[in-house]
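Numbering (my numbering), first residue to last: 21 to 106.
Below is one structure, written out as structure tokens; comments come after it.
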Amino acid sequence: MSLACHTKNCPGKRRRFQVVCDDCFRRLPRAIILGLRAAKDERRRADFARLCREAGAFVAGKPCAAPSVTPRTAYANTARLLGEEL
């Protein structure tokens with residue numbers, strides 16, 4: 021069962037026992053994640069909403085990393101490994 025991520029403006033899906041999706045879990049600092057978990061468990065709705073907004077602002081300022089290898093470089097690396105000349 022997939023649910024929406026609690027991070028504001030995140031299209032990701034999370035599992036029932038998670039607070040945020042896997043992408044947000046990797047990108048967010050542990051203080052925000054642990055705060056979200058504690059606020060949700062203790063039913064502190066105002067703190068939970070504030071932390072969701074903080075998480076959204078943090079993720080918005082840190083876009084996903086670009087792939088380190090372009091398709092052209094990957095093709096050239098494969099050809100080099102196979103001993104083929106381009």
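From the three backbone atoms N, C-alpha and C, an ideal C-beta is built for every residue, glycine too.
Fill in: Inter-residue spacing [alpha-carbon to alpha-carbon] between F37 and C44
Their Cα atoms are separated by approximately 15 Å.
Worksheet item: Looking at R57 and V79, is the spacing between their C-beta atoms short of 7 Å?
Response: No, the Cβ-Cβ distance between V79 and R57 is not below 7 Å.
Worksheet item: Going by other Cβ atoms of all chains shown within 10 Å of its Cβ, with 16 needed for buried, is L71 buried or exposed?
Response: Around the beta carbon of L71, a 10 Å sphere encloses 16 or more other beta carbons of the protein chains shown; the residue is thus reported as buried.
Worksheet item: If you drop the 5 nearest sequence neighbours on each side, which residues of the same chain put their C-beta closer than 8 Å to that of T90?
Response: Answer for T90: no residue qualifies.
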